[in-house]
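Since the structure comes first, as structure tokens, the remarks are kept for the end.
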Amino acid sequence: MCATPPTRSVSFAKATRVADSRESIASGLKSVFDALLLNRVGVGAMTAISLLMLGMSLRKGRQLDLQRNEQRAELQAERDRLEAQVRRRTAELTELTRHLQTAREDERARLARELHDELGATLTTAKLDVARIRRKLLAAAPDLMERFDHLNVVLNNGIALKRRIIEDLHPSTLSQFGLCPALEILCREFDERLDCKVAVNVTPVTLSSSAELTIFRLVQETLTNIAKYAKARSVEVFLAERDGSAVIRVTDDGVGFDPKAVARSTHGLLGMYFRVEAENGELSVVSAPGAGTRIEAVLPLSEPAMTDGLDERDDTPAGHA
74 MCATPPTRSV
84 SFAKATRVAD
94 SRESIASGLK
104 SVFDALLLNR
114 VGVGAMTAIS
124 LLMLGMSLRK
134 GRQLDLQRNE
144 QRAELQAERD
154 RLEAQVRRRT
164 AELTELTRHL
174 QTAREDERAR
184 LARELHDELG
194 ATLTTAKLDV
204 ARIRRKLLAA
214 APDLMERFDH
224 LNVVLNNGIA
234 LKRRIIEDLH
244 PSTLSQFGLC
254 PALEILCREF
264 DERLDCKVAV
274 NVTPVTLSSS
284 AELTIFRLVQ
294 ETLTNIAKYA
304 KARSVEVFLA
314 ERDGSAVIRV
324 TDDGVGFDPK
334 AVARSTHGLL
344 GMYFRVEAEN
354 GELSVVSAPG
364 AGTRIEAVLP
374 LSEPAMTDGL
384 DERDDTPAGH
394 A
């Protein structure tokens, strides 16, 4: 009998091992493919979720942008409304200030006329009566002459006081002679009354009558404050045209003050601000303790045709009657 060849058994074993390897490889590949598929599904899902979140974020961002734009528009509209209201109220207050100043000056003018007509006539009559009685008593009762002379002095002082009060109430020099002569007279009287050297450097400027009155009152109020508080030895009053505006400046070498520590209403500053602002001007106050004070106002010039009929002053030298 012949034996089975051993090569057939070896081949069968090798085939079995190859089949097992192929199955193992196939199983591994299937696992890899399954893992890759799951990874792809996961990546796709994450991508979809990310895109969804991005879309929601962009939509939310657009909504926030729209809300911010709407809020910004509402804030701008409210700001515009408030600014318009402020401008309207400012215009109303300016007009009210101008009206009150006009009413105040009209009342002052009325009081000045009454003082001039009534009190002036009374004092003048009394002075004439004293003069007549004095002549008759000169020989009959010479011992009364001293009393009559004193009475005459008192009447003269009363007449001078009446004139000064009338001039303070309503500056007749301003309407009769113009701004520059009126300022010169005002400064000269201040110099004589308080023995304070006042340097006047004023040149004619074209202003409305209300602006001229504002400048006159500004200088008058400033000189009053200097007399009360400044203890100044010298004062300078300057008026000129500069860059299409009228500049009025009053400077003293007095004790000065700290503008930040003093309310604007102190020393009549508030009234000055209101007067100047009512004429569309600007007022500045520069001072320091021990360094004197400078008050400067800048007012717009007026056209010659808008000077309220004051052009007749131009027929006289220097533009004043």
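Read in order, the letters of the sequence shown correspond to residues 74 to 394 in our numbering.
Built from N, CA and C at the ideal position, the CB exists for glycine as well.
None of these values were measured; they are calculated from a predicted model.
- The three-state reading of DSSP puts Lys200 in helix, counting H, G and I together.
- The beta strand (DSSP E) runs lying completely inside the stretch 335-368 and spanning 3 residues or more are 355-360, given in chain order.
- Inclusion of Ser307 and Lys333 in the CB contact set at 7 Å is not warranted, their separation being larger than that value.
- By the beta-carbon neighbour count (other beta carbons within 10 angstroms, threshold 16), Arg290 is buried.
- Take the alpha-carbon of Leu173 and the one of Leu210: they are about 53 Å apart.
- With a contact defined as Cβ atoms closer than 8 Å, Val278 and Leu374 qualify at about 7 Å.
- Judged by beta-carbon spacing, Ile368 lies within the 7 Å limit of Val323, meaning their Cβ atoms are closer than that value.
- Look at Lys270 here: in three-state DSSP terms it is strand.
- For Ala233, there is no enclosing beta strand (DSSP E); the residue is found in the alpha helix (DSSP H) stretching over Met218 to Leu242.
- Residue burial annotation: Phe106 is exposed, with fewer than 16 other C-beta atoms found within 10 angstroms of its C-beta.
- A Cβ-Cβ separation of about 13 Å leaves Glu355 out of contact with Ala284 under the 8 Å criterion.
- Annotation: the continuous beta strand (DSSP E) that includes Phe311 extends over Ser307 to Arg315.
- If the five residues before and after Thr170 are omitted, its C-beta is found closer than 6 Å to the C-beta atoms of Phe347 and Ala351, all from its own chain and listed in chain order.
- The count of Cβ pairs closer than 8 Å, one atom from the stretch 183-199 and one from the stretch 242-256, reaches three, so the stretches are in contact.
- The C-alpha of Leu137 is placed about 14 Å away from the C-alpha of Gly128.
- In the three-state reduction of the DSSP assignment, Thr276 falls in the coil class.
- For Glu309, same chain residues with a beta-carbon under 6 Å away, outside a window of 5 residues either side, are Ala272 and Thr324 in chain order.
- Per DSSP, the continuous beta strand (DSSP E) segment holding Ser318 begins and ends at Ser318 to Asp325.
- Here the alpha carbons of Asp268 and Asn298 stand approximately 15 Å from one another.
- Annotation for Ile299: no alpha helix (DSSP H) segment contains it, and DSSP assigns it neither H nor E.
- In its chain, beyond the 5 residues on either side, Lys235 have a beta carbon closer than 8 Å to the beta carbon of Leu192.
- Cβ-Cβ distances below 7 Å link Arg181 to Leu242 and His243 in the same chain, with the five nearest sequence neighbours on each side left out; the list follows chain order.
- Its Cα nearest to that of Ala305, the residue Phe330 stands out among Ile321, Phe330 and Thr287.
- In the structure shown, Leu372 falls within a strand segment according to DSSP collapsed to helix, strand and coil.
- The Cβ neighbour count for Ala176, taken over all protein chains shown within 10 Å, is under 16; the residue is labelled exposed.
- Taking the Cα positions, Ser100 is about 25 Å away from Gly117.
- Put simply, the backbone Cα of Glu376 is about 11 Å away from that of Gly317.
- Of Leu166, Ala108, Leu312 and Met345, the smallest CA-CA separation from Thr287 is found for Met345.
- If you draw a straight line from the Cα of Arg145 to the Cα of Gly134, it comes to about 16 Å.
- Going by DSSP, Phe250 is part of the alpha helix (DSSP H) stretching over Ser245 to Phe250.
- Within 10 angstroms of the beta-carbon of Val292 lie 16 or more other beta-carbons, which makes it buried.
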